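Chemist: Numbering (our numbering), first residue to last: 404 to 714. All C-beta atoms, glycine included, are put in the ideal place defined by N, C-alpha and C. Note that this is a predicted model, so its numbers are computed, not measured. Just dropping this structure here.
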């Protein structure tokens with residue numbers, strides 16, 4: 404699904420039905436994200452639908468927000484500001500969190516103070532037209548910006564006087580961070596990772612892949628490799644882990660060739676990668692996670708943000 408698919412979604416937001424607006428509050432529950440929603444109504448009648456239309460117009464109208472993006476790609480742990488990342492709501496990285504989010508939207512709390520819900524706002528509804536292969540898809544427009552604001556030094560005019568406004572207000576911006584169409588999620592910004600607490604998810608993926616690498620017996624110091632793999636941005640790299648590369652590296656001849664090509668040290672026996680050196684561990688991580696490639700013109704090893712099939 405391409406940018407044209409998303410352009411069609413924004414162009415048909417005026418054909419939304421059963422629309423609702425929810426304010427979202429997120430909480431950390433022992434490392435897992437928790438959600439609570441409060442549905443709110445906008446007045447006058449029809450204002451929410453008009454606001455939804457304004458969002459669509461801001462992306463494909465004069466502001467052309469959609470034009471800042473160059474492509475739509477599968478989520479792979481990279482962070483290109485000009486790429487919209489997509490992944491299925493059933494993807495292991497977000498499936499559990501998505502189910503809890505959907506439950507919270509369907510079971511909103513109407514008794515609590517709406518201003519206590521400050522994490523995001525969600526526009527929920529269903530399109531009455533087909534978009535691509537999606538038949539009348541349900542959609543969710545999510546902005547991860549705090550919708551609750553306090554106005555400082557703001558005064559309203561009343562009967563010839565300017566009176567300071569001290570109450571909280573709801574502020575809805577026309578910029579979204581996440582769009583969900585049917586069962587597909589689109590990240591317009593990396594705030595989507597925060598929405599689904601993906602840091603926890605890719606740390607679990609990282610641990611799983613570390614164990615697979617240790618079992619493959621291609622490194623001489625698996626504990627030191629594990630420590631390095633769990634630091635900094637390394638855990639997110641494992642989202643794009645390439646199992647075919649790991650399988651290939653179990654062949655000693657392949658390891659020796661790769662070690663020479665990518666300048667990765669081997670142990671004293673010349674058998675396994677030497678991961679007593681953190682720099683070597685970094686190179687192995689990048690190599691296994693599609694960030695180490697060969698320049699097609701001069702055949703030298705290069706580091707890339709990520710690898711996708713040439714089209």
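Let me make sure I understand the geometry here. Which of 698, 470 and 424 has the alpha-carbon closest to that of residue 407?
Modeler: Translated into the one-based positions of the chain shown, residue 407 becomes position 4. Comparing Cα positions, the closest option is 470.
Chemist: Just to confirm before moving on: does the CB-CB distance between residue 704 and residue 664 stay below 8 Å?
Modeler: The residue given as residue 704 occupies position 301 in the chain shown. The residue given as residue 664 occupies position 261 in the chain shown. It is a contact, given that the beta carbons lie within the stated cut-off.
Chemist: Going by alpha carbons, who is nearest to residue 517 out of 441, 696, 594 and 617?
Modeler: Walking along the chain shown from the start, residue 517 turns up at place 114. Minimum Cα distance to residue 517 is reached at 441.
Chemist: For residue 637 and residue 473, I'd like the C-alpha separation in whole angstroms.
Modeler: Sequence index remark: in the chain shown, residue 637 carries index 234 (1-based). Sequence index remark: in the chain shown, residue 473 carries index 70 (1-based). Answer to the nearest angstrom: the Cα atoms are 26 Å apart.
Chemist: Kindly indicate the opening and closing residues of the alpha helix (DSSP H) around residue 655.
Modeler: Locating residue 655 in the chain shown gives position 252, counting from the first residue. Residue range 655 to 664 is occupied by the alpha helix (DSSP H) that includes residue 655.
Chemist: From this set, 632, 513 and 607, which residue's C-alpha is nearest residue 434's C-alpha?
Modeler: For this step, residue 434 is matched to residue 31 along the chain shown. Looking at the Cα atoms, 607 is the closest of the given residues.
Chemist: By how many angstroms is the C-alpha of residue 628 removed from the C-alpha of residue 609?
Modeler: Looking up residue 609 in the chain shown gives position 206. Looking up residue 628 in the chain shown gives position 225. Residue 609 and residue 628: Cα-Cα distance of roughly 12 Å.
Chemist: Of the choices 592, 512, 468 and 418, whose alpha-carbon is the least far from that of residue 456?
Modeler: Working through the chain shown from its first residue, we reach residue 456 at position 53. It is 418 whose Cα lies nearest to the Cα of residue 456.
Chemist: Under DSSP, the beta strand (DSSP E) around residue 573 begins and ends at which residues?
Modeler: Here residue 573 corresponds to residue number 170 of the chain shown, with the count starting at 1. 571 to 573 is the span of the beta strand (DSSP E), which, as asked, contains residue 573.
Chemist: How big is the Cα-Cα spacing for residue 682 and residue 623?
Modeler: One-based indexing of the chain shown puts residue 682 at position 279. One-based indexing of the chain shown puts residue 623 at position 220. Distance between the alpha carbons of residue 682 and residue 623 is about 14 Å.
Chemist: Alpha carbon to alpha carbon, how far is residue 678 from residue 614? Give it in angstroms, no decimals.
Modeler: As a working mapping, residue 614 is identified with position 211 in the chain shown. As a working mapping, residue 678 is identified with position 275 in the chain shown. If I take the Cα positions, the gap works out to 15 Å.
Chemist: Quick check on residue 677: does DSSP put it in helix, strand or coil?
Modeler: Counting from 1 along the chain shown, the entry for residue 677 is found at position 274. If DSSP states are grouped into helix, strand and coil, residue 677 belongs with coil.
Chemist: Closer than 8 Å is the cut-off here; do at least three beta carbon pairs connect the region 584 to 597 with the region 472 to 487?
Modeler: yes
Chemist: So the candidates are 578, 625, 600 and 564; which of them puts its Cα closest to the Cα of residue 676?
Modeler: Here residue 676 corresponds to residue number 273 of the chain shown, with the count starting at 1. Of 578, 625, 600 and 564, the residue nearest in Cα terms is 625.
Chemist: So is residue 580 buried or exposed if we call it buried at 16+ other beta carbons inside 10 Å?
Modeler: If you number the chain shown from 1, residue 580 lands on position 177. That one is buried.
Chemist: May I ask you to report which of helix, strand or coil DSSP gives residue 472?
Modeler: As a first step, residue 472 is located in the chain shown; it is residue number 69 there, counting from the start. In this structure, residue 472 counts as coil in the three-state DSSP scheme.
Chemist: Rounded to the nearest angstrom, how far is the Cβ of residue 685 from that of residue 631, given a contact under 8 Å?
Modeler: On the chain shown, position 282 is the one that residue 685 refers to. On the chain shown, position 228 is the one that residue 631 refers to. At roughly 7 Å, the Cβ-Cβ gap stays under 8 Å, so residue 685 and residue 631 are in contact.
Chemist: Name the two residues that bound the continuous beta strand (DSSP E) containing residue 527.
Modeler: Taking the first residue of the chain shown as 1, we reach residue 527 at position 124. Counting along the chain, the beta strand (DSSP E) containing residue 527 begins and ends at 523 to 530.
Chemist: Three Cβ pairs or more, each shorter than 8 Å: is that satisfied between the region 551 to 558 and the region 525 to 533?
Modeler: no
Chemist: Can you name, in chain order, every residue of its own chain whose Cβ lies under 7 Å from the Cβ of residue 545, other than the five neighbours on each side?
Modeler: Here residue 545 refers to the residue found at position 142 when the chain shown is read from its first residue. Hits under 7 Å: 523, 525, 579, 580, 581 and 598.
Chemist: Compute the Euclidean distance between the alpha carbons of residue 570 and residue 603, then round it to the nearest angstrom.
Modeler: Here the question's residue 570 lines up with position 167 in the chain shown. Here the question's residue 603 lines up with position 200 in the chain shown. Taking the straight line from one Cα to the other gives about 37 Å.
Chemist: Tell me the DSSP secondary structure of residue 500 in three-state form.
Modeler: Here residue 500 is taken as the residue at index 97 of the chain shown, counted from 1. Of the three classes helix, strand and coil, the one that applies to residue 500 here is helix, per DSSP.
Chemist: Would a C-beta distance cut-off of 8 Å place residue 451 and residue 422 closer than the cut-off?
Modeler: Start at 1 with the first residue of the chain shown, and residue 451 comes out as number 48. Start at 1 with the first residue of the chain shown, and residue 422 comes out as number 19. Yes, these two residues count as a Cβ contact at 8 Å.
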